[in-house]
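*Asks:* Right, I'll just put the structure down here and ask away after.
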Amino acid sequence: MNTRDCGHIISGSSPAKGEAGKTGEWRTQRPVLNREKCLAVKANKDICYQCWAFCPECAIERKPGGPVDLTYCKGCGICAQICPADAIQMENEYDSSEQRKND
Amino acid sequence: MTVLNNEKTISIYNNSSNPKAYPPGKHVLTGNQSAAIGAFLCGVQVIAAYPITPQSPVVEELSKFVEDGELSAEFVPVESEHSAMGVCIGASIAGARVFTATSANGLAYMCEQLHWASGSRLPIVMGCVNRAMAAPWSVLNDQQDSMSQRDAGWIQLFCRDNQEIIDTVIQAYRIAEKVYLPVMVCYDGYILSHTVMPLEVPDENKVKKFLPPYIPHTPIDINNPVNINPVTLGEPRYNANGVLCHGYMEHKYLHHKALRDSLNIIEEVDSEYKDTFGRSAGGLFSLYKTDDAEVVIVCAGSLSKMNILVVDMLREQNIPIGLVSLRSYRPFPNQKLSAALKNKKLILTIDKSLSYGYQGPICIDVKSCLFEAGISSIVISFIAGLGGRDIKPYEIAETAYDYWNKFLNNELNSENIYESQWINCKY
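Residue numbers (the numbering used here), protein chains in the order written: chain A, 348 to 450; chain B, 1074 to 1500.
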C-alpha cells in the first residue's frame, strides 16, 4: 500500500483549509461577488465578513471583497444565503465557461 | 475525566485490591458475578450499561462496587443500549478503560454503535449474555444475538463455564488493548449467567501485572484538536499538510488485518495467562479426545462443556468421537481449525443460532475452512436449543450415534447433508 495514514490507525482530520481534500472539484455552482453591493468593499473597512465567518471550507479570505479560493470552494452557496447585502450570486459552472478560462 | 497516562492514576491503579466480598481464592459464583468481578479486577474506569435480562446482575454488581466506594469508576446510567455504547466510545477515546454488558435485543439496538466502536479501533470489552432474539418474545438462551453481530468487526470469544468468563474478561482487555479492537465476551444466558459454579477469583495485584495500563492510540490533546472519523471518501486524499491519507477501504483493510493478526495474540495472551494464573481459557479453540477421533462435534459456549459428557458416553460405546470447542468465533481460526479437523470423516456442528435461509453459522464457517484446506469430510449442521429449548446430553449422544451409523452404512443423503437437522424440534 502506498498510502500513509496521518500517524493514526483511525481516520482523522485537523481543522485546516483543504483538510477534506480539493473540495473545489465537487462544485457545480460558484459564488460571484457584486463589488458594488459588498458592505466591506464599499466601506473599505474590516466589517461584516459574514461570508468569511460562515464558509465551511475556510475558502474565503478575510479582507474586503476577499477572493474565494476556488480550489476548495465546493459551491455550497452558504455565503450567498448569509450575505446581508445580497452581494453574492451563485452562477452555474457550465454557463460561465468564459470565466473558467480566465481562472 | 482522568486519563490513565498520568502518574497519579497509575499509582492508584497499582495499589488497589480485590473486592472485599471476593478475596483471591475459591468462590461459588454465577456467570454474571464472574464477569463483574473480572471487570473490577481490570480496574475499569467507566461503566455504562442499560439493564436487560439476563445481563442485569452484571451491572447491578458493578454499580454496587462503585456505590460502596470499592471501585473508583464512573458509573453512567443511560436510557438505552445505543447510548451505553456511545458513552463507552467517548470514554474509551478519552483514554479510560471501559466495560459494558448487554443481551439480545439490547445488543441489536446497539448495532450501529458496535460498528462505530470497532471502526474507531477502541478496546472496549463487553459482556454479551447470549439470549434469543425476538420475535416471538423470549428471554431465554440461544446464541442468535451475538451471531447476528458477527460482521460488526468485533472479536467474539465464547466461554464454556463461569471460570472462563472471569478469565476471558481479563484476557479480553489485554487482547483488546494490544490490537486496538473491541472484544465481546459471549456466555450463555441462565445456563452460565444465573447458575453458580465453583471458580477461582484471581488476585488483583497479579491481574494488574498481567494487564498494563491502557494507552489510547490517539491521545486527546486540547492544543492539537483532531476530528476523529470524519467523512472518509473512497479514494485516498491529501490533507492540508500534503500527507496522503487513507481512503475508507484502506482503513477497513487495516481493521480486518488487525482482526486476522489478533488470532496469534489471542493464543499468546492465553498461554501467558496460563503461565501467570495456572489455567488456560481455551485459546482459539480446545480439543477433547480428537486425536484418534473419526467423528467430531464442533460447537461453542456452554454446550461444549456438556458435550464432554456426550463424548465420554459415546466412547464407552466404542464410537471414535471427539469434540472441538470453538472459543474465538471472530476472528475465525480457519487454518488451525482445518488442521485439527484433518482426517476426520464426519463433522457434526451444533449451532444455537441460525443463518435463516441456510444453516448454522458455525457450520457454514467450518465448511468454508475445510474447503480451502482441501478436506472433503461430510459436515452436518445441527440446530439445537433455540429460545431456551433444553438440550440433554442423551439427545446429542443419540443424534451423534445415529449419524455415525448412517455414515458407516452409507445412508447419508442429500436430505441430511444439504439441510440443517433440528434436534428435539417437535414440528
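For glycine and all other residues, C-beta sits at the position ideal for the given N, C-alpha and C. Quick caveat, the model's predicted, so the values are computed rather than measured.
(1) Pick from B:1156, B:1266, B:1288 and B:1157: whose alpha carbon is nearest that of residue 1196 (chain B)?
(2) Checking contacts by CB at 7 Å: is residue 356 (chain A) closer than that to chain B?
(3) So if I threshold CB-CB distances at 9 Å, which residues from the segment 361-372 of chain A count as touching chain B?
(4) When we look at the beta-carbon of residue 1408 (chain B) and count the other beta-carbons within 10 Å, is it buried (16 or more) or exposed?
(5) Which residue's Cα is closest to the Cα of residue 1207 (chain B): B:1470, B:1491 and B:1460?
(6) Would you identify the three-state DSSP class for residue 1493 (chain B), choosing helix, strand or coil?
(7) Could you compute how far the alpha carbon of residue 1180 (chain B) sits from the alpha carbon of residue 1126 (chain B)?
(8) Let's see if you can read the secondary structure: which residues bound the beta strand (DSSP E) around residue 1248 (chain B)?
(9) Below 7 Å between beta carbons: does that hold for residue 1301 (chain B) and residue 359 (chain A)?
(10) Pull the bridge partners of residue 1332 (chain B) from the DSSP assignment, please.
(11) Measure the C-alpha to C-alpha separation of residue 1439 (chain B) and residue 1387 (chain B) and round it to an integer number of angstroms.
(12) Which residues bound the alpha helix (DSSP H) around residue 1166 (chain B)?
(13) For the segment 1378-1433 of chain B, list the beta strand (DSSP E) runs that are entirely contained and at least 3 residues long, ordered along the chain.
(14) Does any CB atom of chain B fall closer than 7 Å to the CB of residue 424 (chain A)?
(15) Relative to chain A, which residues along the segment 1153-1170 of chain B have a C-beta separation below 8 Å, given in chain order?
(16) What first and last residue would you give for the alpha helix (DSSP H) that runs through residue 1191 (chain B)?
(17) Report the residues of the segment 1289-1311 of chain B with a CB closer than 9 Å to any CB of chain A, ordered along the chain.
(18) On the DSSP bridge list, what partners appear for residue 1501 (chain B)?
(19) In terms of alpha-carbon separation, which member of B:1216, B:1299, B:1235 and B:1131 lies closest to residue 1199 (chain B)?
(20) Just the C-alpha distance for residue 1320 (chain B) and residue 1306 (chain B), rounded to the nearest angstrom, thanks.
(21) Could you list which residues in chain B have their beta carbon closer than 8 Å to that of residue 359 (chain A), in chain order?
(22) Check whether the Cβ atoms of residue 1343 (chain B) and residue 1353 (chain B) sit closer than 7 Å, and answer yes or no.
(23) Please report how far the alpha carbon of residue 1490 (chain B) lies from the alpha carbon of residue 1215 (chain B), in whole angstroms.
(24) With a threshold of 6 Å on Cβ separation, who are the neighbours of residue 405 (chain A) within its own chain once the five nearest residues in sequence on each side are excluded?
(25) Along chain A, in chain order, which residues have C-beta atoms closer than 8 Å to that of residue 1313 (chain B)?
(26) Mind reading off the beta-carbon distance from residue 1338 (chain B) to residue 1251 (chain B)? Whole number of angstroms is fine, and I expect it under 8 Å.
(27) Quick one: what's got a C-beta closer than 8 Å to residue 1450 (chain B)'s C-beta in the same chain, skipping five residues either side?
(28) Just confirm the distance between the C-beta atoms of residue 1370 (chain B) and residue 1473 (chain B), as a whole number of angstroms; I'd bet it's less than 8 Å.
*Replies:* With the given structure in hand:
(1) The residue you call residue 1196 (chain B) lines up with position 123 of the second sequence. Out of B:1156, B:1266, B:1288 and B:1157, B:1288 has the C-alpha closest to the C-alpha of residue 1196 (chain B).
(2) Taking the first residue of the first sequence as position 1, residue 356 (chain A) is located at position 9. Yes, residue 356 (chain A) lies at the interface with chain B (some Cβ there is under 7 Å from its Cβ).
(3) 361, 362, 363, 364, 365, 366, 367, 368 and 369
(4) Position 335 of the second sequence, counted from the first residue, corresponds to residue 1408 (chain B). It is exposed - the Cβ of residue 1408 (chain B) has fewer than 16 other Cβ atoms within 10 Å.
(5) Taking the second sequence and counting its residues from 1, one reaches residue 1207 (chain B) at position 134. When each option's Cα is compared against that of residue 1207 (chain B), the closest is B:1460.
(6) As a working note, residue 1493 (chain B) is residue 420 in the second sequence. Residue 1493 (chain B): coil per DSSP, three-state reduction.
(7) Your numbering for residue 1180 (chain B) matches position 107 in the second sequence. Your numbering for residue 1126 (chain B) matches position 53 in the second sequence. If I take the Cα positions, the gap works out to 12 Å.
(8) For the purposes of this step, residue 1248 (chain B) is identified with residue 175 of the second sequence, where counting begins at 1. Note, residue 1248 (chain B): premise wrong, no beta strand (DSSP E); alpha helix (DSSP H) at 1235-1252.
(9) Walking along the second sequence from the start, residue 1301 (chain B) turns up at place 228. Walking along the first sequence from the start, residue 359 (chain A) turns up at place 12. Yes, these two residues count as a Cβ contact at 7 Å.
(10) By one-based count along the second sequence, residue 1332 (chain B) stands at place 259. None, per the DSSP bridge assignment.
(11) Taking the second sequence and counting its residues from 1, one reaches residue 1439 (chain B) at position 366. Taking the second sequence and counting its residues from 1, one reaches residue 1387 (chain B) at position 314. So the alpha carbons of these two residues sit roughly 23 Å apart.
(12) Residue numbering aside, residue 1166 (chain B) sits at position 93 when the second sequence is read from its first letter. It spans 1154-1166 - the alpha helix (DSSP H) in which residue 1166 (chain B) sits, taken as one unbroken run.
(13) 1394-1399, 1401-1403 and 1419-1424
(14) Counting from one through the first sequence, the residue named residue 424 (chain A) turns up at place 77. Residue 424 (chain A) does not count as touching chain B.
(15) none
(16) Start at 1 with the first residue of the second sequence, and residue 1191 (chain B) comes out as number 118. Taken as a continuous stretch (DSSP letters only), the alpha helix (DSSP H) holding residue 1191 (chain B) covers 1184-1192.
(17) 1290, 1291, 1297, 1298, 1299, 1300, 1301, 1302, 1303, 1304, 1305, 1306, 1308, 1309, 1310 and 1311
(18) Lying before the first or after the last residue shown, residue 1501 (chain B) is absent from chain B, which here runs from 1074 to 1500.
(19) Along the second sequence, read from residue 1 onward, the residue named residue 1199 (chain B) stands at position 126. For residue 1199 (chain B), the nearest C-alpha among the options comes from B:1131.
(20) What you label residue 1320 (chain B) is simply residue 247 of the second sequence in a count that begins at 1. What you label residue 1306 (chain B) is simply residue 233 of the second sequence in a count that begins at 1. Their Cα atoms are separated by approximately 6 Å.
(21) Working through the first sequence from its first residue, we reach residue 359 (chain A) at position 12. Under the 8 Å cutoff, chain B gives 1291, 1299, 1300, 1301, 1302 and 1303.
(22) What you label residue 1343 (chain B) is simply residue 270 of the second sequence in a count that begins at 1. What you label residue 1353 (chain B) is simply residue 280 of the second sequence in a count that begins at 1. Taking 7 Å as the Cβ cut-off, residue 1343 (chain B) and residue 1353 (chain B) qualify as a contacting pair.
(23) Walking along the second sequence from the start, residue 1490 (chain B) turns up at place 417. Walking along the second sequence from the start, residue 1215 (chain B) turns up at place 142. Distance between the alpha carbons of residue 1490 (chain B) and residue 1215 (chain B) is about 23 Å.
(24) Position 58 of the first sequence, counted from the first residue, corresponds to residue 405 (chain A). Result list for residue 405 (chain A): 364, in chain order.
(25) Mapped onto the second sequence, residue 1313 (chain B) falls at position 240. Residues of chain A passing the Cβ test: 361, 363, 364, 365 and 366.
(26) The sequence position of residue 1338 (chain B) within the second sequence is 265, counting from 1. The sequence position of residue 1251 (chain B) within the second sequence is 178, counting from 1. Rounded, the Cβ-Cβ distance is 5 Å, consistent with contact.
(27) Walking along the second sequence from the start, residue 1450 (chain B) turns up at place 377. The answer, listed in chain order, is 1414, 1417, 1418, 1419, 1420 and 1443.
(28) By one-based count along the second sequence, residue 1370 (chain B) stands at place 297. By one-based count along the second sequence, residue 1473 (chain B) stands at place 400. Right, their Cβ atoms sit about 7 Å apart.
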